[in-house]
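Notes to accompany the following structure.
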Amino acid sequence: MAQIYDRVALIGLGLIASSMFWAMKRGGLAGEVTGFARSAETRQTARDIGLCDVVCDDILDAVRDADLVVLCVPVGVMGAVAAQIAPALKQGATVTDVGSVKRDVIDSVAPHLPEGVHFVAGHPLAGTEHSGPTSGFAELFDNRWCLLVPAEGSDPAATAQLRHLWEGMGSKVEEMDADHHDLVLAVTSHAPHLIAYTMVGVADDLRRVTDSEVIQYSAAGFRDFTRIAASDPTMWRDVFLSNKDATLEILGRFTEELFALQRAIRQGDGDHLHAYFTRTRAIRRGIIEAGQDTDAPDFGRGGKA
Ligand code: NAP
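Next comes the structure, spelled out in structure tokens:
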């Protein structure tokens, strides 16, 4: 595949940045990739494993000549990082991010970016519960969606170039409005994570069963909850704080449905339960048909997730 950017800077060197690096190398998509992480420990690990062509100790050195700068830090610090890098950004460069929430990130990053720098926010719908520089792998984005949110009035050529990069890393790309993105993700990712955290918390409260039986007899449903609930606490704290309205809206609807199911169980209303589960089963089939998951017991993640 052809090179798409001469120089790419990855800011934050965790799961997403490291997967991007290996995916860019796999496809020969970037000439040189520089990287920066907050802690000296992460920078050293990155050097040890060959993550990035150059790992910089100064964030400004990492972005200075970059044609594309990718913010791969938790959503809550995107604005502060944008303010830090702004003075060193090259004219004509593109800044993007990979944050799981879009409206809050756009509102906190855009005001810091100088004239002549293109801002195209992004979100790859791919991840695992693992984090840190050693957790990434080149295949993470294969056949997964990446949603792009170009800033109003931005240069379509900058968006097209970023789209090519994501396609080169294996993704399918769609453009989406920021508020719509946040509502869709509240339904498909954010609320389900909160429910998983809750369920695992409830099981943990029932210490009688947790100590041995929950772990030993862990069935598929609970096992999947524990996998999701093992996700990075900082990342998910920031997601809920920055996608507050959409998440609360979906959780409100969830609670209503839960009460309806609770009532059906109490009243022995099997018809209600059966009809509900028939409807949800069809949604699962739709996801498999859309190629977003498989019927395999490991959910097609090849043991990596
Ligand atoms: P991660 O593995 O935890 O890595 C986060 C990186 O950000 C680390 O290098 C960390 O540096 C750095 N960082 C943390 N706080 C910072 C701060 N205050 N200032 C500067 N750097 C800081 O995270 P990730 O899973 O790659 O997630 C990165 C972004 O991708 C998040 O915005 C998340 O919402 C989004 N995302 C995640 C997933 C997923 O499933 N994980 C999926 C899609 C999108 P140190 O190592 O030095 O602490």
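Each residue of the sequence shown is one higher than the one before, counting from 5 in the numbering used here.
Cβ coordinates follow ideal geometry from the N, Cα and C atoms, glycine included.
Can you tell me which of the three DSSP states Gly54 falls into?
Within the sequence shown, the letter at position 50 stands for residue 54. DSSP places Gly54 in coil when its eight states are reduced to three.
Taking buried to mean at least 16 other C-beta atoms within 10 Å of its own C-beta, is Ile20 buried or exposed?
Sequence index remark: in the sequence shown, residue 20 carries index 16 (1-based). Buried, by the Cβ-count rule.
Check whether the segment 221-233 and the segment 163-176 are in contact - that is, three or more C-beta pairs closer than 8 angstroms.
no
Determine the extent of the alpha helix (DSSP H) in which Val121 is found, giving its start and end residues.
In the sequence shown, the residue the question calls residue 121 occupies position 117. Run containing Val121: none; DSSP gives neither H nor E here.
Since Leu327 contacts Ala268 with CB under 8 angstroms, what's their CB separation in whole angstroms?
The first residue shown for the chain is 5 and the last is 309, placing residue 327 beyond what the model contains.
Mapping DSSP to helix, strand and coil, what is Tyr9?
As a working note, residue 9 is residue 5 in the sequence shown. Looking at Tyr9 - three-state DSSP - the assignment turns out to be strand.
Regarding Leu17 and ligand 1, is the C-beta to nearest heavy atom distance less than 7 angstroms?
Position 13 of the sequence shown holds residue 17. Checking every heavy atom of ligand 1 against the Cβ of Leu17, one is found closer than 7 angstroms.
How is the alpha helix (DSSP H) around Phe281 delimited, first residue to last?
Position 277 of the sequence shown, counted from the first residue, corresponds to residue 281. That run of the alpha helix (DSSP H) goes 274-293.
Considering only the beta carbon of each residue, do Gly18 and Cys56 sit closer than 8 angstroms?
Reading the sequence shown from its first residue, position 14 is the one you call residue 18. Reading the sequence shown from its first residue, position 52 is the one you call residue 56. No. Outside cutoff.
Spatial neighbours of Met180 in its chain, beta-carbon cut-off 7 angstroms, leaving aside the 5 residues before and after:
For the purposes of this step, residue 180 is identified with residue 176 of the sequence shown, where counting begins at 1. Excluding sequence neighbours, Met180 sits near Leu151, Val153.
Since Ala27 and Met173 should fall inside the 8 angstroms C-beta cutoff, what is the C-beta to C-beta distance between them, to a whole number of angstroms?
For the purposes of this step, residue 27 is taken as residue 23 along the sequence shown, with counting starting at 1. For the purposes of this step, residue 173 is taken as residue 169 along the sequence shown, with counting starting at 1. The Cβ separation is near 4 angstroms, so the contact holds.
Starting from the N-terminal side, write out each stretch of the alpha helix (DSSP H) that is 4 residues or longer and does not extend beyond the segment 144-194.
160-172, 182-189
What residue range is occupied by the uninterrupted alpha helix (DSSP H) comprising Leu262?
Looking up residue 262 in the sequence shown gives position 258. Segment 248-270, the alpha helix (DSSP H) holding Leu262.
Return the residue from the list Ala233, Ala90, Thr100, Gly126 that minimises the CA-CA distance to His185.
Taking the first residue of the sequence shown as 1, we reach residue 185 at position 181. Closest by alpha carbon: Gly126.
Taking 7 angstroms as the cut-off, is the C-beta of Ala66 nearer than that to any heavy atom in ligand 1?
Indexing the sequence shown from 1 puts residue 66 at position 62. Because no heavy atom of ligand 1 lies under 7 angstroms away, the Cβ of Ala66 does not count as near it: no.
How long is the line joining the alpha carbons of Ile15 and Ala41, rounded to whole angstroms?
As a position in the sequence shown, residue 15 is number 11, starting the count at 1. As a position in the sequence shown, residue 41 is number 37, starting the count at 1. Each residue's Cα considered, the two are about 6 angstroms apart.
According to the neighbour-count rule (16 or more other Cβ atoms, all chains shown, within 10 Å of its Cβ), is Leu245 buried or exposed?
In the sequence shown, the residue the question calls residue 245 occupies position 241. So Leu245 ends up on the exposed side.
Residues of its chain near Val79, where Cβ-Cβ distance is below 7 angstroms and the 5 sequence neighbours each way are ignored:
Mapped onto the sequence shown, residue 79 falls at position 75. Within the same chain, Val79 has close Cβ partners Gly103, Ser104, Val105, Asp108, Val109, Asp242, Val243, Ser246.
Status (buried if at least 16 other CB within 10 Å, exposed otherwise) for Pro128:
Numbered from 1 along the sequence shown, position 124 holds the residue referred to as residue 128. Answer is buried; the Cβ neighbour count reaches 16.
Is it right to say Lys308 is buried, meaning 16 or more other beta carbons lie within 10 angstroms of its own, or is it exposed?
Residue numbering aside, residue 308 sits at position 304 when the sequence shown is read from its first letter. Reliability fails at Lys308, whose pLDDT of 38 lies under 50, so the model's placement of it is uncertain and the value that follows must be treated cautiously. Exposed, by the Cβ-count rule.
Need the endpoints of the alpha helix (DSSP H) that Leu93 sits in, please.
Working through the sequence shown from its first residue, we reach residue 93 at position 89. Taken as a continuous stretch (DSSP letters only), Leu93 belongs to no alpha helix (DSSP H), as it is neither H nor E.
Residue range of the unbroken alpha helix (DSSP H) whose run includes Val67:
Along the sequence shown, one-based indexing puts residue 67 at 63. Val67 -> alpha helix (DSSP H) spans 63-67.
How would you write the range of the alpha helix (DSSP H) that Ala21 sits in, first residue to last?
Walking along the sequence shown from the start, residue 21 turns up at place 17. It spans 19-31 - the alpha helix (DSSP H) in which Ala21 sits, taken as one unbroken run.
Decide yes or no for the touch test of the segment 136-151 against the segment 111-124: beta carbon pairs closer than 8 angstroms, at least 3 of them.
no
Closest residue to Asp65 among Arg47, Thr38, Ala86, Ala50 (Cα-Cα distance):
The residue labelled residue 65 in the question sits at position 61 within the sequence shown. Nearest C-alpha to Asp65: Thr38.
Might you give, ordered along the chain, the residues of its own chain that have their beta carbon closer than 7 angstroms to the beta carbon of Gly3, omitting 5 neighbours on each side?
Here the chain comprises residues numbered 5 to 309, so residue 3 is not present and cannot be evaluated.
Output the boundary residues of the alpha helix (DSSP H) element that contains Phe311.
There is no way to answer for residue 311, as the model of the chain reaches only from 5 to 309.
Which of the three DSSP states, helix, strand or coil, is assigned to His134?
Working through the sequence shown from its first residue, we reach residue 134 at position 130. Correct three-state label for His134: coil.
So, helix, strand or coil for Ala34, using DSSP?
Counting from 1 along the sequence shown, the entry for residue 34 is found at position 30. Here Ala34 sits in strand by DSSP.
Between the CA atoms of Ala90 and Val113 - distance to the nearest angstrom:
In the sequence shown, counting from the first residue as 1, residue 113 sits at position 109. In the sequence shown, counting from the first residue as 1, residue 90 sits at position 86. Taking the straight line joining both Cα atoms gives about 10 angstroms.
Tell me where the beta strand (DSSP E) around Val73 begins and ends.
Your numbering for residue 73 matches position 69 in the sequence shown. Counting along the chain, the beta strand (DSSP E) containing Val73 begins and ends at 72-75.
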